[in-house]
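Taking our numbering, I'd label the letters of the sequence shown as residues 29 to 486.
Positions of the beta carbon are idealized from the N, C-alpha and C atoms, including for glycine.
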Amino acid sequence: MAFLVSLALALVLVFACGEALKKRPAPFYLSAVLIASVVVGSTLADVKLSMFVKTWIWPVVARGALAGALFVLVMLAGALPNGSAGAKRLMPIRGQLSILACILTLAHNVAYGKTYFTMLFLEPGHLPLTQQLASVCSIIMIAIMLPLFVTSFPSVRRKMGGRRWKSLQRLAYLFYALLCAHILLLTIPYAIGGRPGYRLTVFIYTAIFVTYAVCRVQKALARNKRVIPNRHAGVVCGLFAAALVLGTTFGDTPQAAASAVIPNAVISVPAPVADQSDDISDSEAKTTEVAETVAEAPSAENTPLPAKTEKPEPAEPQPEETDASDNTEEPPQETVPTSDAAVEQASTSEPVPAPEPEPAPEPEPTPVSVYRDGVYTGTAIGFEGPVTVSVTIENDRIVSVQVLSQMEDEPFWSDSLVVLDRIVSAQSPDVDAVSEATSSCHGIMDAVRNALDSARNN
29 MAFLVSLALA
39 LVLVFACGEA
49 LKKRPAPFYL
59 SAVLIASVVV
69 GSTLADVKLS
79 MFVKTWIWPV
89 VARGALAGAL
99 FVLVMLAGAL
109 PNGSAGAKRL
119 MPIRGQLSIL
129 ACILTLAHNV
139 AYGKTYFTML
149 FLEPGHLPLT
159 QQLASVCSII
169 MIAIMLPLFV
179 TSFPSVRRKM
189 GGRRWKSLQR
199 LAYLFYALLC
209 AHILLLTIPY
219 AIGGRPGYRL
229 TVFIYTAIFV
239 TYAVCRVQKA
249 LARNKRVIPN
259 RHAGVVCGLF
269 AAALVLGTTF
279 GDTPQAAASA
289 VIPNAVISVP
299 APVADQSDDI
309 SDSEAKTTEV
319 AETVAEAPSA
329 ENTPLPAKTE
339 KPEPAEPQPE
349 ETDASDNTEE
359 PPQETVPTSD
369 AAVEQASTSE
379 PVPAPEPEPA
389 PEPEPTPVSV
399 YRDGVYTGTA
409 IGFEGPVTVS
419 VTIENDRIVS
429 VQVLSQMEDE
439 PFWSDSLVVL
449 DRIVSAQSPD
459 VDAVSEATSS
469 CHGIMDAVRN
479 ALDSARNN
């Protein structure tokens, strides 16, 4: 939305003030310097802005939307066919538009480079890979833009000479390619994640850059008399390519629609407690049944002794047997003792060998933890700027989530803080956002994801 507003303002500037910008550009340059100074000063002083300024003005002048819209007009001025209405309107003020865009771009890089360039060089692990690449693109663009900015002034251009000036201006093609990469690296991840408005942003920028590329190639071929120039072919091809990219990359599949309605925390809910209790009760019942069976089985200690059997005494004992019984002892019976005393004596005199010990069960393997214990930080983009959080992890669990810094506005920021408890309860950053503070909630959740990525065991 901010880019569309900026593009409308840039077109108003071209059509309403084009002649004044061409003849007397100094007041416009001073106005751009004043706007850039306010942006840089407000950022460095951490000035609290009103809701209206943050919603409608700050994204246009500080986030680079107006500078990007001016660069788009400069791009199209050189890509449109010679003699077309757009080329006639834009080419005379192309240099002035590029100077205004450069001034606003420098302010944008100071305002946001304070955070992102610092993190890129000092704490690169706290930035996602896409934001690291986007920051690198910004640094290269600044290095290209500064000489282009200086040589855009007519006095400098006249001193350089036409041939040297044109050779230097070819760097603008690399600048435009890096600008496209910078914008898409920052917007596509959020578009894939379903952040509101980012799909439209990706569609618009894709249409513009593809249109520029097609028109530029077509113009080069027409200059060599290989094709007949068609003023509408580039626009049609650009819109078609943008629609194709948007449909294939961000189309809502059934799985994507389901995940958009049902958060991951709900999908990963464990089985109902009732089912688990039924399984436990069944196992307990089986265990009880086995125990009862073992209890009912006869054991060595509980087995009743057989009844004592007495030998029938002979009616008339013979002397030989009597003498033998007097001189020799009767050998003990090896079968069953004949009395309780004998059993007790046998048990005390002959110790029962102890049963062999069962081998100890092998220890279960220690489960591998997913995250390392400690406190980890992560940063992501909210509605107004970067949101940095710290996540405390113990035994593979998220113990707490705290916000270290943010640039969000009230009351939306206070409303978004409810997701902190939701993340801890769900043990996942994939929770429901607050509808009134969606961007701030997503900033917190994305920052927690980045912190968890840094804590993950490799």
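So T420 and V427 are supposed to be a Cβ contact under 8 Å. How far apart are they, rounded?
As a working note, residue 420 is residue 392 in the sequence shown. As a working note, residue 427 is residue 399 in the sequence shown. Going by Cβ atoms, the distance from T420 to V427 rounds to 4 Å, so yes, they are a contact pair.
In angstroms with no decimal places, state the Cα-to-Cα distance between I409 and C165.
What you label residue 409 is simply residue 381 of the sequence shown in a count that begins at 1. What you label residue 165 is simply residue 137 of the sequence shown in a count that begins at 1. Going from the Cα of I409 to the Cα of C165 covers about 18 Å.
Would you mind working out which of S397, V398, P414 sits nearest T405, comparing C-alpha positions?
As a working note, residue 405 is residue 377 in the sequence shown. Out of S397, V398, P414, P414 has the C-alpha closest to the C-alpha of T405.
Which two residues bound the contiguous alpha helix (DSSP H) that contains V75?
Position 47 of the sequence shown, counting from 1, holds the residue named residue 75. Counting along the chain, V75 falls outside any alpha helix (DSSP H), and DSSP gives it neither H nor E.
Check A36 in the structure and name its three-state DSSP category.
Taking the first residue of the sequence shown as 1, we reach residue 36 at position 8. If DSSP states are grouped into helix, strand and coil, A36 belongs with the helices.
Using DSSP's beta-bridge definition, name the partner residues of S568.
Here the chain has residues from 29 to 486 only, and residue 568 is not among them.
Considering only C-alpha positions, which residue in the set A483, L199, G141 is nearest to N423?
As a working note, residue 423 is residue 395 in the sequence shown. Residue A483 is the option with its Cα nearest to N423.
Helix, strand or coil at R484 according to DSSP, with G and I counted as helix:
Counted from its first residue, the sequence shown places residue 484 at position 456. Strand.
Residue nearest to I236 in terms of C-alpha spacing, selected from S59, L125, L212, A248:
Start at 1 with the first residue of the sequence shown, and residue 236 comes out as number 208. The option with the nearest alpha carbon to I236 is L212.
Limits of the unbroken beta strand (DSSP E) element including Y404:
The count along the sequence shown starts at 1 and reaches residue 404 at position 376. Here the beta strand (DSSP E) through Y404 covers 402-409.
Would you mind sorting T524 into buried or exposed? The rule is 16 or more other CB atoms within 10 Å of its CB.
Residue 524 falls outside the range modelled here, since the chain spans only 29 to 486, and no answer is possible.
Enumerate in chain order the residues of its own chain whose CB-to-CB distance from P182 is below 8 Å, with the five nearest sequence positions on each side excluded.
Numbered from its first residue, the sequence shown carries residue 182 at position 154. Once the five neighbours on either side are set aside, the close Cβ partners of P182 are G123.
Would you mind working out which of T158, P457, V178, V403 sits nearest L432, comparing C-alpha positions?
On the sequence shown, position 404 is the one that residue 432 refers to. Of the candidates T158, P457, V178, V403, the one whose C-alpha sits nearest the C-alpha of L432 is V403.
For the alpha helix (DSSP H) that G190 lies in, which residues bound it at each end?
By one-based count along the sequence shown, residue 190 stands at place 162. First-last of the alpha helix (DSSP H) with G190: 190-197.
Could you please give the first and the last residue of the uninterrupted alpha helix (DSSP H) stretch that includes Q455?
For the purposes of this step, residue 455 is identified with residue 427 of the sequence shown, where counting begins at 1. Segment: none, Q455 is in no alpha helix (DSSP H) and carries neither H nor E.
What does E422 pair with, by DSSP beta-bridge criteria?
Mapped onto the sequence shown, residue 422 falls at position 394. Answer is R425, bridged to E422.
What separation, rounded to the nearest whole angstrom, lies between the Cα atoms of R425 and S467?
Locating residue 425 in the sequence shown gives position 397, where the first residue counts as 1. Locating residue 467 in the sequence shown gives position 439, where the first residue counts as 1. Straight-line Cα distance between these residues: approximately 26 Å.
For M173, count the other beta carbons within 10 Å of its own beta carbon; 16 or more makes it buried, fewer makes it exposed. Which is it?
For the purposes of this step, residue 173 is taken as residue 145 along the sequence shown, with counting starting at 1. So M173 ends up on the buried side.
Spatially closest choice to F411 from K116, V476, M435, L202, by CA coordinates:
Here residue 411 refers to the residue found at position 383 when the sequence shown is read from its first residue. The candidate whose alpha carbon is nearest that of F411 is M435.
Going by the C-beta, is L214 closer than 7 Å to any heavy atom of the ligand HEM?
This structure lacks the ligand HEM, and indeed carries no ligand of any kind.
I believe A162 touches P87 by the beta-carbon criterion, under 8 Å. Please report the beta-carbon distance rounded to the nearest angstrom.
Taking the sequence shown and counting its residues from 1, one reaches residue 162 at position 134. Taking the sequence shown and counting its residues from 1, one reaches residue 87 at position 59. In fact, because the Cβ distance is near 17 Å, the residues do not count as touching under 8 Å.
Nearest-angstrom Cα separation, counted from S70 out to W193
Taking the sequence shown and counting its residues from 1, the one referred to as residue 193 is at position 165. Taking the sequence shown and counting its residues from 1, the one referred to as residue 70 is at position 42. Between W193 and S70, the C-alpha separation is close to 36 Å.
Considering Cα atoms alone, identify which of V178, G106, F149 is closest to L128.
Along the sequence shown, read from residue 1 onward, the residue named residue 128 stands at position 100. L128 has its Cα closest to that of V178, out of V178, G106, F149.
If you follow the alpha helix (DSSP H) that D460 is in, where does it begin and where does it stop?
Counting from one through the sequence shown, the residue named residue 460 turns up at place 432. D460 -> no alpha helix (DSSP H), and no H or E assigned at all.
Quick one, which of L32, I168, M103 has its alpha-carbon nearest F145's?
Your numbering for residue 145 matches position 117 in the sequence shown. Here the closest residue by C-alpha is I168.
CA nearest to the CA of L32, picked from C45, A93, V75:
Stepping through the sequence shown from its first residue, residue 32 is reached at position 4. Cα-wise, what sits closest to L32 is A93.
Select from Y57, R223, R191, Q246 the residue whose C-alpha is nearest the C-alpha of A465.
Looking up residue 465 in the sequence shown gives position 437. When only C-alpha atoms are compared, the closest one is R223.
I need the straight-line Cα distance from L104 to C243, nearest angstrom please.
The residue you call residue 104 lines up with position 76 of the sequence shown. The residue you call residue 243 lines up with position 215 of the sequence shown. Those two C-alpha atoms are separated by around 8 Å.
Using 8 Å as the Cβ pair cut-off and three pairs as the minimum, do the stretch 77-84 and the stretch 140-160 touch?
no
Give the single residue among A219, A475, V66 whose Cα lies nearest to the Cα of D458.
Reading the sequence shown from its first residue, position 430 is the one you call residue 458. Considering only alpha carbons, the answer is A475.
Along the chain, where does the alpha helix (DSSP H) that runs through H136 open and close?
Position 108 of the sequence shown, counted from the start, is the residue given in the question as residue 136. Element bounds for H136: 122-150.
With a threshold of 16 other CB atoms inside 10 Å of the CB of I290, please say whether the residue is buried or exposed.
Position 262 of the sequence shown, counted from the first residue, corresponds to residue 290. Note that I290 has pLDDT 29, beneath the 50 cutoff, so the model's placement of it is unreliable and the number below is only indicative. Answer is exposed; the Cβ neighbour count stays below 16.
For the stretch 54-71 against the stretch 131-141, do three or more pairs of beta-carbon atoms, one drawn from each stretch, fall closer than 8 Å, so that the two count as touching?
yes
Determine the extent of the alpha helix (DSSP H) in which V396 is found, giving its start and end residues.
By one-based count along the sequence shown, residue 396 stands at place 368. Unbroken run through V396: none, as it is neither H nor E.
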